[in-house]
Amino acid sequence: MITQDKSASSTQFYTWHSYRCAYEVFKPINSTSQGIPLLLIHPIGVGLSRQFWQHFCREWYQQGNSNQIYNPDLLGCGESDKPHIACTPGDWAEQLRHFIQTVVQKPVVVIVQGALFAVAIELVKKEPNLIAGLVLATPPAWPLIKKEAPQWQKKGIWNLLDSPLGNLFYRYARTEKFLRNFSIKQLFKSANSVDAEWLNTLRTGAEDIASRYAVFSFLAGFWLKDYSSAVVSIKQPTLVVVGENVSSISQEGKELTADEWLADYLTALPQGSVKKVPGRNVLPYESTTEFVSAISPFINEMSSD
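With the working numbering applied, the sequence shown corresponds to residues 195 to 499, in that order.
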């Protein structure tokens with residue numbers, strides 16, 4: 195069981211650059227929080243927000259862990275403000291830097307899903323002393339980490355999406371048919387895992403049409419920057435977890451097996467370790483029990499040091 199840390203309201207807020215940003219804090223019920231706090235970074239996509247981590251938070255405590263969990267909504271997502279701007283990984287990293295400095299006020303272990311690894315990389319560069327370690331759930335295939343998309347291309351895609359045509363596309367992308375088909379084709383190993391809870395969460399998260407700006411920022415590829423040298427420079431202990439059936443949404447990495455995917459990161463990360471669990475691309479949601487079991491020893495070892 196989990197409970198919110200402070201008030202009866204499950205959602206709390208802080209201000210960053212005049213924007214109202216939302217978060218939740220979880221701790222084990224009937225016991226004291228122990229160990230290094232966890233900071234969760236949710237993926238960006240149609241309807242996605244901090245709600246992505248609800249399964250994970252429940253399972254974390256059901257398996258007997260006691261770390262406090264901070265689960266924020268990135269700007270443009272969930273209950274945070276949704277300004278009409280193009281956000282970059284650097285922007286979101288600045289938001290989280292402020293969050294750690296003013297709300298958490300102590301080092302954290304960052305757990306990040308998918309391509310939002312780019313945000314974690316920027317965060318480590320900005321505030322290395324407040325990042326004790328990282329857990330990467332299905333980070334992009336290494337060829338994508340090395341890919342540098344030209345700035346003109348990113349801006350061009352953003353301008354195309356930030357138009358009446360993009361508005362129509364987003365309204366279609368919010369439909370259950372699109373969300374189900376995309377999830378089955380690109381995210382989950384089993385179509386049965388694309389359940390009503392998943393689809394309802396996405397539909398609810400996408401109801402506010404202003405949520406499209408964060409999604410368009412991601413689709414424009416502002417995260418596509420050659421991060422290979424930055425990854426090689428990460429000094430913190432880093433655990434990379436991918437699914438046995440991992441797949442790349444982009445052409446880059448399309449042919450890689452899970453073992454090859456992991457081998458690239460093991461070679462690149464100075465203090466890297468890797469694990470493979472059942473599932474495909476959204477392990478904290480699809481394979482929650484296995485994912486928590488895989489990362490708990492890594493985090494508990496850091497907490498005991």
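Quick reminder that beta carbons are idealized off the backbone N, C-alpha and C, glycines included.
Residue i (DSSP reduced to helix, strand or coil)
i      : result
Glu446 : coil
Cys215 : strand
Thr282 : coil
Lys349 : helix
Pro491 : helix
Val440 : coil
Ile223 : coil
Ile238 : coil
Asn361 : helix
Ser467 : strand
Val435 : strand
Gln206 : strand
Ile196 : At Ile196 the pLDDT is 40, less than 50, meaning the model places this residue with poor confidence; the figure from the coordinates comes in the next sentence. Looking at Ile196 - three-state DSSP - the assignment turns out to be strand.
Leu268 : coil
Leu233 : strand
8 angstroms contact criterion, which residue i and residue j should meet: CB distance rounded
i      : j      : result
Cys215 : Asp285 : At roughly 12 angstroms, the Cβ-Cβ gap does not stay under 8 angstroms, so Cys215 and Asp285 are not in contact.
Glu370 : Asp420 : Contact flag wrong, Cβ pair sits at about 37 angstroms.
Leu324 : Val302 : 7 angstroms
Ala414 : Ile489 : Not confirmed; about 31 angstroms, so no contact.
Thr432 : Gly327 : 7 angstroms
Gly229 : Ser497 : 3 angstroms
Ala331 : Leu450 : Between Leu450 and Ala331 the Cβ distance is about 17 angstroms, and since that is not below 8 angstroms, they are no contact.
Gly447 : Leu310 : About 17 angstroms; that fails the 8 angstroms criterion.
Phe410 : Gly360 : 6 angstroms
Gln445 : Val318 : Incorrect: roughly 28 angstroms between the Cβ atoms, too far for contact.
Ile279 : Tyr459 : Ile279 to Tyr459, Cβ: 32 angstroms. No contact.
Within 8 angstroms, strictly: CB atoms of residue i and residue j
i      : j      : result
Ser422 : Lys340 : yes
Val434 : Leu456 : yes
Arg397 : Gly241 : yes
Ala452 : Gly466 : no
Glu484 : Val468 : no
Tyr217 : Tyr264 : yes
Cys281 : Ser405 : no
Ile305 : Leu234 : yes
Ala482 : Phe246 : Reading off the sequence shown, one finds Thr at residue 482, where the question assumed Ala. Result no, Cβ atoms of Thr482 and Phe246 do not sit closer than 8 angstroms.
Arg244 : Pro266 : yes
Pro277 : Ala312 : no
Ile378 : Ala385 : yes
Gln262 : Val219 : yes
Separation of residue j from residue i, as counted between CA atoms
i      : j      : result
Trp346 : Asn353 : 10 angstroms
Phe293 : Tyr208 : 8 angstroms
Phe363 : Ser442 : 23 angstroms
Ala424 : Leu393 : 35 angstroms
Pro491 : Val329 : 12 angstroms
Tyr479 : Pro237 : 12 angstroms
Gln289 : Tyr255 : 27 angstroms
Pro464 : Ser357 : 43 angstroms
Arg374 : Ser225 : 39 angstroms
Asn494 : Leu381 : 29 angstroms
Lys200 : Thr461 : Reliability of the predicted coordinates at Lys200 is poor, the pLDDT of 34 falling under 50, and the value obtained from them is presented with this limitation in mind. The straight-line gap from Cα to Cα measures roughly 42 angstroms.
Glu454 : Lys320 : 30 angstroms
Leu232 : Ser260 : 10 angstroms
Gln248 : Gln257 : 15 angstroms
Gln206 : Ile223 : 19 angstroms
Lys383 : Asp389 : 13 angstroms
Pro333 : Ile428 : 15 angstroms
Span of the beta strand (DSSP E) around residue i
i      : result
Ile325 : Ile325 to Ala331
Gln307 : Val302 to Gln307
Pro478 : Segment Leu477 to Glu480 is the alpha helix (DSSP H) holding Pro478; no beta strand (DSSP E) there.
Run of the alpha helix (DSSP H) containing residue i, from where it starts to where it stops
i      : result
Ser422 : Ser422 to Val426
Trp455 : Ala452 to Ala462
Pro337 : Trp336 to Ile339
Ser411 : Arg406 to Leu413
Phe250 : Gln248 to Gln256
Ile294 : First-last for Ile294: undefined, no H or E at that position.
Ile315 : Phe311 to Lys320
Check: residue i C-beta below 7 angstroms from any heavy atom of the ligand FAD
i      : result
Gln295 : The model depicted lacks the ligand FAD and carries no ligand whatsoever.
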